[in-house]
């Protein structure tokens, strides 16, 4: 019996396993993940801001998959592609016949000096919790330090994650002000972004509404300001300096370092895959999610890496693995986005939905859409009880 190794228990990896089991693929399936739980990575910013706890966005992987799937809790060190083995940090090498690599993302510094040493980022549960704890600790410290920089938060980057984080932070300001006895209006939340346009993936009226919402709630937006260095308590962008004792880096992500360590032809730890998501020259090896770069056949541009496309890739990769096992030809990956939902705290947001027509939404109604999207992903990846437990 063939062995299918699936690396990573995020959206793409877990969805692949569930699809393989649903389609009753005749193979031994092994899922490798470095934690015993799955976390909703699209909600990490809520944990970082403290509007949700880690328990709110996690569930046990073993309870979510079929008992016939072997779940290995270990860290992938590298992939010996020549000999078809996954090298693990603690366990014996895992031999495979087919590989679905969905190892996920890491923070991208773009080579900016001081980022690693003097800023915080969140790419998993532990780092998101660390950001939250740092914010709370720094705000509490103001009572004795009287250092106004304890009340300042600089968010570096106004991409999707940065904007959603800002929405959660402004929601928390009234609570923090009351809890820590802070001066009214004393907190400053500053966003520094190299690009001149915020949320370019959304229609202009929605991106404008989102920026207006944040500025009305006190966020100081600085688009068109490329960050050149981060020093202790200072973010430098050209001739400007932004002082804060909490600096959060959200400028972008790259794929897992395992990609580079395993000798792939890659850029930012992403590999351009074939139309069926397989690696060139390795027909039984599929890369999906944040470690893959998938060209859009109609435009030639690469698709953005999102949870939505990761789940669609997982379905395609699982179907193509099954096809290879059955001796059938693989099929090209086809993707059509159903839209974009951007939350601005627990109760507001903007959304552009392409389903049963085109819908542009803003305000309170978007929070319901966001909840439905989150619940649907949990429902598809796990079971109803995890969805209910998260409410």
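Residue numbers (the UniProt record's numbering): 1 to 391. C-beta atoms are modelled at their ideal positions from N, C-alpha and C, and glycine is treated no differently. It should be emphasised that the depicted structure is a prediction, and the values quoted were computed from it without experimental measurement.
Candidates the options, of which the one nearest residue i by Cα
| i | options | result |
| --- | --- | --- |
| residue 156 | 221, 342, 210, 4 | 221 |
| residue 323 | 179, 128, 98 | 98 |
| residue 268 | 262, 129, 254, 139 | 254 |
| residue 123 | 54, 327, 30 | 54 |
| residue 210 | 159, 181, 246 | 159 |
| residue 41 | 290, 336, 368, 299 | 290 |
| residue 28 | 265, 3, 232 | 3 |
| residue 79 | 103, 332, 141, 66 | 103 |
| residue 193 | 141, 145, 249, 231 | 249 |
| residue 395 | 224, 49, 317, 38 | Outside the shown range of the chain (1 to 391) lies residue 395, about which nothing can therefore be said. |
| residue 74 | 47, 105, 35, 85 | 35 |
| residue 105 | 366, 358, 265, 260 | 260 |
| residue 219 | 337, 370, 173, 231 | 173 |
| residue 24 | 214, 111, 66 | 66 |
| residue 228 | 143, 298, 343, 112 | 112 |
| residue 49 | 153, 110, 245, 77 | 153 |
| residue 271 | 288, 231, 292, 87 | 292 |
| residue 300 | 45, 274, 108 | 274 |
| residue 344 | 251, 325, 71, 364 | 364 |
| residue 314 | 288, 107, 294, 22 | 288 |
| residue 108 | 140, 5, 251 | 251 |
| residue 341 | 318, 317, 367 | 367 |
| residue 143 | 177, 110, 360 | 177 |
Inter-residue Cα distance where the pair is residue i and residue j
| i | j | result |
| --- | --- | --- |
| residue 279 | residue 257 | 17 Å |
| residue 240 | residue 189 | 16 Å |
| residue 125 | residue 150 | 24 Å |
| residue 114 | residue 243 | 14 Å |
| residue 330 | residue 320 | 5 Å |
| residue 207 | residue 128 | 26 Å |
| residue 247 | residue 20 | 42 Å |
| residue 262 | residue 101 | 12 Å |
| residue 304 | residue 11 | 15 Å |
| residue 202 | residue 26 | 42 Å |
| residue 233 | residue 121 | 15 Å |
| residue 377 | residue 339 | Annotation note: pLDDT 49 at residue 377 (below 50); position unreliable, no value reported. |
| residue 327 | residue 216 | 59 Å |
| residue 285 | residue 147 | 54 Å |
| residue 387 | residue 58 | Low confidence applies here, because residue 387 scores a pLDDT of 34, under 50, leaving its location unreliable; read the following figure in that light. The straight-line gap from Cα to Cα measures roughly 10 Å. |
| residue 353 | residue 118 | 38 Å |
| residue 69 | residue 145 | 53 Å |
| residue 116 | residue 138 | 19 Å |
| residue 298 | residue 332 | 13 Å |
Exposure of residue i, with buried meaning 16 or more beta-carbon neighbours within 10 Å
| i | result |
| --- | --- |
| residue 389 | Its pLDDT being 41, under 50, residue 389 is placed unreliably in this model, and the coordinates cannot settle the point. |
| residue 381 | Confidence at residue 381 is low in this model, with a pLDDT of 48, below 50, so its placement is unreliable and no value can be given for it. |
| residue 82 | exposed |
| residue 89 | exposed |
| residue 184 | exposed |
| residue 204 | exposed |
| residue 335 | exposed |
| residue 9 | buried |
| residue 181 | exposed |
| residue 1 | exposed |
| residue 175 | exposed |
| residue 179 | exposed |
| residue 187 | buried |
| residue 296 | exposed |
| residue 385 | Note that residue 385 has pLDDT 36, beneath the 50 cutoff, so the model's placement of it is unreliable and the number below is only indicative. When all chains shown are included, residue 385 counts as exposed. |
| residue 171 | buried |
| residue 212 | exposed |
| residue 7 | buried |
| residue 196 | exposed |
| residue 237 | buried |
| residue 45 | buried |
| residue 358 | exposed |
| residue 226 | exposed |
- Item | Touch test, the stretch 343-350 against the stretch 155-170, Cβ-Cβ under 8 Å, three pairs minimum | Enough Cβ pairs lie closer than 8 Å, so yes.
- Taking only runs of the alpha helix (DSSP H) that begin and end inside the stretch 72-139, which ones reach a length of at least 4 residues, in chain order? If we require 4 residues or more, the alpha helix (DSSP H) runs fully inside the stretch 72-139 come out as 115-118.
- Message: Under 8 Å, with one C-beta from each stretch per pair, do the stretch 308-315 and the stretch 10-19 reach the 3-pair mark?
- Response: Touching, yes, given that three or more Cβ pairs across the two stretches are closer than 8 Å.
- Query: Does the count of Cβ pairs from the stretch 56-67 and the stretch 275-291 closer than 8 Å reach three?
  - Reply: Short answer: they don't touch.
- Item | Touch test, the stretch 127-142 against the stretch 86-97, Cβ-Cβ under 8 Å, three pairs minimum | These segments do not touch.
- Message: Please give the ranges of any alpha helix (DSSP H) in the stretch 252-315, keeping only runs that are unbroken, at least 4 residues long and fully inside the region.
- Response: Within the stretch 252-315, the complete alpha helix (DSSP H) segments at least 4 residues long are 257-261, listed from N- to C-terminus.
- Could I get the ranges of all uninterrupted beta strand (DSSP E) runs contained in the stretch 334-369, with 3 residues as the minimum, in chain order? Segments of the beta strand (DSSP E) lying fully in the stretch 334-369: 339-343, 349-354, 358-362.
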